[in-house]
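Below you'll find the structure, written out as structure tokens, and then a few comments.
Chains as they are written, first to last, in the numbering used here: chain A, 12 to 313; chain B, 873 to 1197; chain C, 27 to 600.
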């Protein structure tokens, strides 16, 4: 009775709405993102400001001192750092996810659509990247800009946000490429592709107007989960000393690894960035789960 | 099927060589063994001689070729740092990592599968909800953070709150307690627990989720409803159909997943000082010890390539729908 | 270390040979430790203790690259191997138990100059190798000299290559002939890091005495208070050498095990839970607050012979090639505030260092005055910047010809102390118009590629002072990397001043130690006037012990470059 027709996206939204955890996670993540993006509304401190009282540096102040998460070894307000650090962490997560999905989709579509030698070449190329253990590759790659100017042109200075995005992203596109290739392999035999071809559509048009849209569900799910994985990876790189430069560019990862040894003495300095990562990744994963239920009910969820 | 296998094996070799070459070049671009090895109080002539002795003044491709030919002849070379053959310490590291990896794998597969099965059979029960919550939490926790937290928990936290004078579990000494001499199975196992937990925290989550979804897919399938209607017992439905069907993608996944486990070893072994492959890598990397690093890379890449191959083959073999030939 | 912090250690390894102490000057005293039959019948060593090591070497050969880590010295050679001269707790060279007396000009041990310069060692006839009981002889000394020179990948041939021959008139006498006067002779086969090896236990094939492939994970002999029972990547076990000839140094503890504790969290947890009885960590804001004294824990602080300085790269084309800019910067940088804010929190007694490349604790080379007047001075900054041709632009930053002055500050990522320096100084310097950007990389890249390649504008790193005050290898014009030395020169900051070059040459050849000191002081003033660097402070050392588990004189060697563990034989188990 007066109900709008159920389009696929409306159906998906319906299914998504039923996933309570995903809905809750969406809300929490939006709040976190909002607080990070509009960080100045929630703290009066700049993350780089060293708190001084009468010229004396206020290192390791307790949370009761008017700093919600205390101050760290640099006498900086931890709450402000967690907020501003979230901007970078979320940026790394989102950009890596978008970039790797884009590259993976293009590789997967070309390989699956054309098949033959191009498929073989692209898939061996994918295998090559899969064969290089991620952390090893990332460690070596992250140092390239310091010695090679061509690498600096592409990646920016070592341990800049751009370089870290590049380093993580270059090892993130392969699973997407494989999934999309598999989907395209089965999709290209379907009638609608034949119909498009009969109507004189170019290869490019068939790939990006007909095949890719049919993979949207997979693409969205993988992008979402890549956000979470990228945030975690950034923190692992920070732990090993190859993450984003920690002095004037806080990220949750480098804040956590900077105070990781203080768990016994100043636990709040560790838990603040630690929980920021855990909660955010948790939310993103729940959203991914919800999206999977909504967009691709048959797919295995992780 | 045979042609498929041959073709994939044939392709694995170039991938192995290309992968190791990429890492070889990256290594040369960012580190210098001469500078790593020698402090400033050394004459310039000595530095030049050192470089020559190590063959580092030759073109890059030639150096790689020399390594590759020697490697395939079984000659792994001599470490720049210790002047000793590379293979014995590499073998020890490999064995240690395999033990840790196998121990962890046993743990996360058994626990992951068990949790997944129970969650699926008792969908939406308190157990399922708790397991789901915990596995998402495990997936969200940076492993190094988890490792450090466990050390404090079994260390000062345990001693203070349980009035003990010894930690709950050992976290120093690598594979044995400092005072243990010779082989001691109990001590060895105790030293595996924390590293294996750290290594497993994400894997258990992944496996249980996979298993749960895989089983639910079958349990809720139409043909299962028909089977039940025909009077097949629920036990048979669960074990004969759902469990077996869910294991297929899991087997494939476990092979692909080996790369992630290898990466996890670097962080885990670093935290616990466990003398395995990850520990070995970081050590050799700091010394820019190319002869120690290159066979390491070959072995690790070979492992990953082999397991990816295995995944492809098992997928083709286990799932009749995509038989290849 | 905690993996990320490895940089600091690397520095000490890369920087300068770890040879420390006072040069021969006036130590004519006979070592009080060298007596043989001191009559003390020591009690049987008992018990077993575990200590933590912040770093663990891959292998233990004391001659080749394995020795390129301070921790190797602290774990193996100082406990197991004999040496000629040794360092006492005040960092003076004295005779080790292996020597009957310390060679001096007075007792005829040190003779001649130039090509007739000789040092004569008289070995203690009681000195015996364990376990076989054969005497330690001059033949072992000759063997060891060759081993240092001929071993593949020998860590340092410095000094050994200055020896022309060694005469062995009898089994207990070794007369070492040098090619020219060699002021640093005590560090040859002794002092810091020099050792004597047992010829009979090291089968060498071929014409060269190359021991590089031996002693990788075991040393089958001992000439020290301890014998090495086992060494692997996860632990080292030392057992008391009950047949050591110096009865005053027979250990009181039977077995000492060292385990690697490379993560700070683990290190702190290990000592707090009593899994180890002592640790010797690099003090930092991470561990010091967690290792405060308690009923069972006691931490002691000392000063090492390492110093940290801010180095300015004077390579042509780099901003600091301009001496006026170096001057301006030196008067803009507040060294005292840096010490107060970054170093004092973990080292309350830290004092400003005012020598370019020497420290007050080692020799009499450092008067600690040359750099004393480098204090913030806005007027001097302004005049020097004007002389350098810089004016402030609209943003208040120094610029020349429309280009903003940008200085790249390189450090090794993960070294929190240095990152904290950058966090504090960069905003402060920005207020004075200096635009400084963080340009960090991993320790490996920094010390292996960028520092030797001159690819930085400024950097804080640690150097180690040697007993010999020569700095020719790191500051002379001839050591600037270039075609003449095939790019392998060691003068990483491209410092060049003919007056300094001349004085370095004179001082290196000076036999009279007090004249030499004057020349070094003069050199220090030239270096200060050239603004070669900004010396910061001598680096602290720290020992934390479980007082309920061990006792004895654990702090005696707190200022020694050979670590507190040096006199471990005197420690007791509780």
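The beta carbon of each residue, even a glycine, is placed where N, CA and C say it ideally should be.
Point to revise | Length at least 3, wholly inside the stretch 428–454 of chain C: the beta strand (DSSP E) runs in chain order | key: 432–436
Point to revise | N-terminal and C-terminal residue of the alpha helix (DSSP H) that residue 139 of chain A is part of | key: By 1-based counting over the first chain, the position of residue 139 of chain A is 128. Where residue 139 of chain A is concerned, the enclosing alpha helix (DSSP H) stretches over 127–142.
Check your understanding: Does DSSP put residue 28 of chain A in a helix, a strand or coil?
Key -> Position 17 of the first chain holds residue 28 of chain A. If DSSP states are grouped into helix, strand and coil, residue 28 of chain A belongs with the helices.
**Study point:** Interface residues of chain C facing residue 258 of chain A [CB-CB closer than 9 Å]
**Key:** What you label residue 258 of chain A is simply residue 247 of the first chain in a count that begins at 1. Going along chain C in sequence order, the residues near residue 258 of chain A (Cβ under 9 Å) are 437, 445, 446, 448, 449, 452, 464, 466.
Review point. By a C-beta neighbour count over all protein chains shown, 10 Å radius and 16 as the cutoff for buried, is residue 20 of chain A buried or exposed?
Key: On the first chain, residue 20 of chain A is found 9 positions in, with the first residue counted as 1. Counting of Cβ neighbours within 10 angstroms places residue 20 of chain A among the exposed residues, the total staying below 16.
Point to revise | Cβ pair residue 276 of chain A, residue 263 of chain A closer than 8 Å | key: Sequence index remark: in the first chain, residue 276 of chain A carries index 265 (1-based). Sequence index remark: in the first chain, residue 263 of chain A carries index 252 (1-based). Going by C-beta atoms, residue 276 of chain A is not nearer than 8 Å to residue 263 of chain A.
**Study point:** Under 8 Å (Cβ pairs) to chain B, residues found in the stretch 237–257 of chain A
**Key:** 239, 243, 246, 247, 250, 251
**Study point:** Any chain A beta carbon closer than 8 Å to residue 1170 of chain B
**Key:** Translated into positions along the second chain, residue 1170 of chain B becomes position 298. So no, residue 1170 of chain B is outside the interface.
Exercise for review: Give a yes or no on whether 8 Å exceeds the smallest Cβ distance from residue 1158 of chain B to chain C.
Suggested key: Taking the second chain and counting its residues from 1, one reaches residue 1158 of chain B at position 286. For residue 1158 of chain B, the answer is yes, since a Cβ of chain C falls inside 8 Å of its Cβ.
Review point. If you scan the stretch 1013–1069 of chain B from start to end, which runs of the beta strand (DSSP E) of 3 or more residues do you find wholly inside it?
Key: none
Exercise for review: Measure the Cβ-Cβ separation of residue 87 of chain C and residue 79 of chain C and say whether it is below 8 Å.
Suggested key: Reading the third chain from its first residue, position 61 is the one you call residue 87 of chain C. Reading the third chain from its first residue, position 53 is the one you call residue 79 of chain C. No, the Cβ-Cβ distance between residue 87 of chain C and residue 79 of chain C is not below 8 Å.
Review point. When the distance is taken between beta carbons, is residue 293 of chain C closer than 8 Å to residue 277 of chain C?
Key: Taking the third chain and counting its residues from 1, the one referred to as residue 277 of chain C is at position 251. Taking the third chain and counting its residues from 1, the one referred to as residue 293 of chain C is at position 267. Inclusion of residue 277 of chain C and residue 293 of chain C in the CB contact set at 8 Å is not warranted, their separation being larger than that value.
Check your understanding: Count the other CB atoms within 10 Å of the CB of residue 176 of chain A; is the residue buried (16 or more) or exposed (fewer)?
Key -> For the purposes of this step, residue 176 of chain A is taken as residue 165 along the first chain, with counting starting at 1. So residue 176 of chain A ends up on the buried side.
Practice item. Name, going along the chain, the residues of the stretch 371–383 of chain C whose beta-carbon falls closer than 9 Å to a beta-carbon of chain A. Key: 371
Practice item. To the nearest angstrom, report how far apart residue 511 of chain C and residue 192 of chain A are at their CA atoms. Key: Within the third chain, the letter at position 485 stands for residue 511 of chain C. Within the first chain, the letter at position 181 stands for residue 192 of chain A. Each residue's alpha carbon lies about 56 Å from the other.
Review point. Per DSSP, what kind of secondary structure is residue 252 of chain C in: helix, strand or coil?
Key: Residue numbering aside, residue 252 of chain C sits at position 226 when the third chain is read from its first letter. The answer is strand: DSSP assigns residue 252 of chain C an E or B state.
**Study point:** Inter-stretch contact (C-beta, 8 Å, three-pair minimum) for the stretch 202–219 of chain A and the stretch 138–147 of chain A
**Key:** Cβ pair count under 8 Å is below three, so no.
Point to revise | Under 8 Å from the C-beta of residue 294 of chain C: neighbouring residues of chain A | key: One-based indexing of the third chain puts residue 294 of chain C at position 268. 272, 275, listed in chain order.
Review point. Per the contact definition of three or more C-beta pairs closer than 8 Å, is the stretch 231–243 of chain A in contact with the stretch 405–418 of chain C?
Key: no
Check your understanding: Buried or exposed: which applies to residue 525 of chain C, given that a residue is buried once 16 or more other Cβ atoms fall within 10 Å of its Cβ?
Key -> Residue 525 of chain C sits at position 499 when you count from the first residue of the third chain. Burial call: exposed.
Practice item. Using DSSP bridges, identify the partner residues of residue 219 of chain A. Key: In the first chain, residue 219 of chain A corresponds to position 208, counting from 1. According to DSSP, which records beta bridges pairwise, residue 219 of chain A is partnered with nothing at all.
Practice item. Flag residue 390 of chain C as yes if its beta-carbon sits less than 8 Å from any beta-carbon of chain A, otherwise no. Key: Here residue 390 of chain C refers to the residue found at position 364 of the third chain. For residue 390 of chain C, the answer is no, since every Cβ of chain A falls outside 8 Å of its Cβ.
Review point. I think residue 516 of chain C touches residue 499 of chain C, with their Cβ atoms under 8 Å apart; what is that distance to the nearest whole Å?
Key: Along the third chain, read from residue 1 onward, the residue named residue 516 of chain C stands at position 490. Along the third chain, read from residue 1 onward, the residue named residue 499 of chain C stands at position 473. That pair is a contact at about 5 Å.
Exercise for review: At 4 residues or longer, and completely inside the stretch 495–562 of chain C: list those alpha helix (DSSP H) runs for me, N to C.
Suggested key: 498–501, 524–535, 539–555
Check your understanding: Looking at the unbroken alpha helix (DSSP H) that takes in residue 594 of chain C, where does it start and where does it end?
Key -> Taking the third chain and counting its residues from 1, the one referred to as residue 594 of chain C is at position 568. Looking at the DSSP string, residue 594 of chain C is not in any alpha helix (DSSP H), and its letter there is neither H nor E.
Practice item. Give the residues from the stretch 159–174 of chain A that approach chain C closer than 8 Å (Cβ to any Cβ), ordered along the chain. Key: 168, 169, 170
Check your understanding: Can the beta-carbon of residue 207 of chain C be found closer than 8 Å to that of residue 139 of chain C?
Key -> Here residue 207 of chain C corresponds to residue number 181 of the third chain, with the count starting at 1. Here residue 139 of chain C corresponds to residue number 113 of the third chain, with the count starting at 1. Closer than 8 Å, so yes.
Exercise for review: Would you mind telling me which residues of chain C sit closer than 9 Å to residue 61 of chain A, beta carbon to beta carbon, in chain order?
Suggested key: Mapped onto the first chain, residue 61 of chain A falls at position 50. What residue 61 of chain A touches in chain C: 367, 449, 450, 453.
Check your understanding: At a Cβ cut of 7 Å, what residues of the stretch 314–338 of chain C count as close to chain A, listed as they run along the chain?
Key -> 315, 316
Check your understanding: Got a sec: is the Cβ-Cβ distance from residue 85 of chain A to anything in chain C below 8 Å?
Key -> By one-based count along the first chain, residue 85 of chain A stands at place 74. True, the Cβ-Cβ gap to chain C drops below 8 Å.
**Study point:** Residues from the stretch 1050–1075 of chain B in contact with chain F, defined by Cβ distance under 7 Å
**Key:** Judged by its chain identifiers, the structure shown contains no chain F, and its protein chains are A, B and C.
Review point. Can you name the residues that DSSP bridges to residue 262 of chain C?
Key: One-based indexing of the third chain puts residue 262 of chain C at position 236. Looking at the DSSP assignment, residue 262 of chain C forms a beta bridge with C/257, C/284.
**Study point:** CB contact below 8 Å: residue 1109 of chain B versus chain A
**Key:** Counting from one through the second chain, the residue named residue 1109 of chain B turns up at place 237. No, residue 1109 of chain B does not count as interfacial toward chain A.
Review point. Between residue 289 of chain A and residue 104 of chain A, is the Cβ-Cβ spacing less than 8 Å?
Key: Translated into positions along the first chain, residue 289 of chain A becomes position 278. Translated into positions along the first chain, residue 104 of chain A becomes position 93. It is not a contact, given that the beta carbons lie outside the stated cut-off.
Review point. Which residues bound the alpha helix (DSSP H) around residue 406 of chain C?
Key: The residue given as residue 406 of chain C occupies position 380 in the third chain. From DSSP, the alpha helix (DSSP H) with residue 406 of chain C extends over 404–413.
Check your understanding: If we ignore side chains and look at the alpha-carbon of each, how far apart do residue 1074 of chain B and residue 40 of chain A end up?
Key -> Sequence index remark: in the second chain, residue 1074 of chain B carries index 202 (1-based). Sequence index remark: in the first chain, residue 40 of chain A carries index 29 (1-based). Rounded to the nearest angstrom, the two C-alpha atoms are 21 Å apart.
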